[in-house]
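A quick write-up on the structure given underneath.
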Amino acid sequence: MARARTIRLWSSVHTWTSLASMLFLLMLCITGLPLIFHDEIDDWLEREIAAPDMPADTPRVSLDRAIAAAQARFPGQYVLFASLQQSEPLVTVALSPTPVPAPGAFHRVTIDARTAAVLGEEAPHLDVMDIVLRIHKDMFAGLPGELFLGVIGLVLVLSLISGVVLYGPFMRKLAFGTVRGHASPRLRWLDTHNLLGILTVTWMLAVGLTGTINTLATPLFDLWRAQLLPSLLAPYQGRPVAKAASVEAAVTAVRTRFPDRLISSVTLPTAARFGSPQHLIVWTKGRTPFSARMLRPVLVEAEDAERIVSPEVPWYLQGLQVSRPLHFGDYGGWPLKIIWALLDLIAIIVLGSGVYLWAARRRVARRNPSLAVDAGEAAPS
Amino acid sequence: MTRIAPGGTASPHFRPRSTWQVFRAPLAVGLAAAAGLTFALFGDGVWDAVSWVALSIPVVLSLIYGLRAAGGR
Chain A
10 MARARTIRLW SSVHTWTSLA SMLFLLMLCI TGLPLIFHDE IDDWLEREIA APDMPADTPR
70 VSLDRAIAAA QARFPGQYVL FASLQQSEPL VTVALSPTPV PAPGAFHRVT IDARTAAVLG
130 EEAPHLDVMD IVLRIHKDMF AGLPGELFLG VIGLVLVLSL ISGVVLYGPF MRKLAFGTVR
190 GHASPRLRWL DTHNLLGILT VTWMLAVGLT GTINTLATPL FDLWRAQLLP SLLAPYQGRP
250 VAKAASVEAA VTAVRTRFPD RLISSVTLPT AARFGSPQHL IVWTKGRTPF SARMLRPVLV
310 EAEDAERIVS PEVPWYLQGL QVSRPLHFGD YGGWPLKIIW ALLDLIAIIV LGSGVYLWAA
370 RRRVARRNPS LAVDAGEAAP S
Chain B
21 MTRIAPGGTA SPHFRPRSTW QVFRAPLAVG LAAAAGLTFA LFGDGVWDAV SWVALSIPVV
81 LSLIYGLRAA GGR
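Below you can see the structure in the form of structure tokens.
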């Protein structure tokens, strides 16, 4: 009897964790589906800007000139960062009217890296995909919303673990893959729920856990800054935010020091929480598919490009960076994205059938309370 | 077809299976999926292809068994 009680306990864990997170998980699955293909959708909506054709060996202008061209577009605004695109000779410069930008309220100007011509600019706005992303990420509730969804991810993990535990007694007398189709819709959905759930649980665990880790990005980055910056900034106590002498010089210095790494972007000196008031942060990455995802910041003093600090990337930022591709499914070409989408659809079926089973069981329980116990159906011996 | 009554009496010819027997197939699928998730992280080309095949296993099995259930009432 003790065994039956344990199963009943797991069963109520499964029921309540699933019900508690249901609506949010459904929202995450539905908004996540288009986000898997956001690169393709952006291309299709022609949001991406292409560089005009020129000979491959056309030299590039200095980054300082590219940034100055963007600055000329928005005089008096603050340059936040410049991203160097890898596939095209383009530099995207972000500017904000305030020194510390309001979330999302900055302009992006795309510059041709060879001519410093302005190829496009994006005013602060939200298009459909941005809205889908915001709903998926924080439901327009900022960091609290993000952290809340992180907790939902943990509830999902609990629901998945209890589901796997329950799979044992339920399948004690059934061969793998059995779906008892003829009996009743309830049995058919019960078996389908168990089967699809157990088949996709590894993927759901991976995406759920990495999703939760991704919600911690802001606090983890704050933690890293808090560990790193105070000692670096001690000599500059009381000084205003520095002005970068030359972004090009900083990037050249980093390239010389780390010839095997690519430059991904440069954060200019800022009082905002994503940078340092006295340093340029040059974000570098490796050249292999894996190391290209492991960004590594190099700090260059704003007024002296020869003074470089290259801190070890702590384990928690490495973990965060591995979590991103594993959550987005964008690390194995389009076939992986298709598989990701199919798994997402299966997850929606598992969610929906779970709710149906809960409702159907309540109906049965009202009619005949003695048959109501979920575990009784599986009858572990 | 095994029919289990709510009281728990299964048809006599199906012996209860051990935990290992219940979980070996799901475990195999889970390991394949985990390998698929990991492989594409480490390289392009062949690594990606291996990952597609491995991670397709849960999807294909879901389709096969799901369609069989939908068709075989």
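Chains as they are written, first to last, in the working numbering: chain A, 10 to 390; chain B, 21 to 93. Yeah, the Cβ is synthetic: ideal placement off N, Cα and C, and Gly gets one too. None of these values were measured; they are calculated from a predicted model.
| Asked | Found |
| --- | --- |
| Any chance the segment 110-128 of chain A sits against the segment 47-60 of chain A, with 3 or more Cβ pairs inside 8 Å? | yes |
| Beta carbon of serine 76 of chain B, beta carbon of isoleucine 348 of chain A: below 8 Å? | yes |
| Measure from the alpha carbon of aspartate 139 of chain A to the alpha carbon of each residue in A:Ser105, A:Ala215, A:Gly41 and A:Leu183, then state which is nearest. | A:Gly41 |
| Using a Cβ-Cβ distance cut-off of 8 Å, determine whether leucine 75 of chain B contacts chain A. | yes |
| Starting from the beta carbon of valine 49 of chain B, find every residue of chain A whose beta carbon is closer than 7 Å, and list them in chain order. | Leu208 |
| Please state whether the Cβ-Cβ distance between threonine 39 of chain B and glycine 177 of chain A is less than 8 Å. | yes |
| Run down chain B in chain order and give the residues with a C-beta less than 7 Å from the C-beta of tyrosine 365 of chain A. | In chain order: nothing, as chain B lies at least about 15 Å away. |
| Does DSSP put leucine 183 of chain A in a helix, in a strand, or in coil? | coil |
| Taking tryptophan 212 of chain A as the query, report the chain B residues whose CB atoms sit under 8 Å from its CB, ordered along the chain. | Ala53, Leu57, Leu75 and Pro78 |
| Between the segment 201-211 of chain A and the segment 220-234 of chain A, are three or more C-beta pairs nearer than 8 Å? | no |
| Using a Cβ-Cβ distance under 8 Å, would methionine 180 of chain A count as near chain B? | yes |
| Flag tryptophan 40 of chain B as yes if its beta-carbon sits less than 8 Å from any beta-carbon of chain A, otherwise no. | no |
| What does leucine 87 of chain B reach in chain A if we use C-beta pairs closer than 9 Å? | Chain A residues near leucine 87 of chain B: none, gap ~10 Å exceeds 9 Å. |
| Within 8 Å (strictly less), CB to CB, does valine 188 of chain A reach chain B? | yes |
| Compare the C-beta of isoleucine 16 of chain A with all C-beta atoms of chain B and state if any pair is closer than 8 Å. | no |
| Once you ignore the five residues that flank phenylalanine 83 of chain A on each side, which residues in its own chain have a CB closer than 7 Å to its CB? | Leu104 and His116 |
| May I have the straight-line CA-CA distance separating serine 30 of chain A from isoleucine 45 of chain A, to the nearest angstrom? | 21 Å |
| Buried or exposed, going by whether 16 or more other CB atoms sit within 10 Å of the CB of alanine 90 of chain B? | exposed |
| Got a sec: which bits of the segment 213-247 of chain A sit with their beta carbon under 8 Å from any beta carbon on chain B, in order along the chain? | Ala215 |
| List, in order along the chain, the chain B residues whose C-beta lies closer than 7 Å to that of isoleucine 201 of chain A? | Looking at the sequence provided, one finds threonine at residue 201 of chain A rather than isoleucine. Ordered by position in chain B, the residues that pass the 7 Å Cβ test against threonine 201 of chain A are Gly86 and Ala89. |
| Taking only three categories from DSSP, how would you classify leucine 135 of chain A? | coil |
| At the level of alpha carbons, what is the spacing between tyrosine 340 of chain A and serine 300 of chain A? | 12 Å |
| So what's threonine 119 of chain A in DSSP terms, helix, strand or just coil? | strand |
| Cβ closer than 7 Å: which chain B residues qualify as neighbours of phenylalanine 185 of chain A? | Ala45 |
| Tell me the DSSP bridge mates of glycine 129 of chain A? | A:Thr119 |
| Would you mind working out which of A:Arg123, A:Leu237, A:Tyr87 and A:Leu142 sits nearest proline 64 of chain A, comparing C-alpha positions? | A:Arg123 |
| Of all the CB atoms in chain B, is at least one closer than 8 Å to the CB of phenylalanine 46 of chain A? | no |
| For the candidate residues A:Leu366, A:Ser274, A:Thr293 and A:Ile170, whose alpha-carbon lies nearest to that of alanine 91 of chain A? | A:Ser274 |
| Using DSSP with H/G/I as helix, E/B as strand and the rest coil, what is isoleucine 58 of chain A? | coil |
| Which first and last residues belong to the beta strand (DSSP E) in which lysine 294 of chain A is found? | 288-294 |
| Using the C-alpha atoms, what's the distance from aspartate 200 of chain A back to glycine 190 of chain A? | 9 Å |
| Considering only the alpha carbon of each residue, which of A:Met213, A:Arg143 and A:Asp147 lies closest to valine 166 of chain A? | A:Met213 |
| Buried or exposed: which applies to proline 78 of chain B, given that a residue is buried once 16 or more other Cβ atoms fall within 10 Å of its Cβ? | buried |
| Report the rounded CA-to-CA distance for aspartate 121 of chain A versus arginine 264 of chain A, giving the unit in angstroms. | 21 Å |
| Please classify valine 137 of chain A: is it buried, with 16 or more other beta-carbons within 10 angstroms of its beta-carbon, or exposed? | exposed |
| Output, in chain order, the set of chain B residues within a Cβ distance shorter than 9 Å of isoleucine 170 of chain A. | None at all; the shortest Cβ gap to chain B is about 13 Å. |
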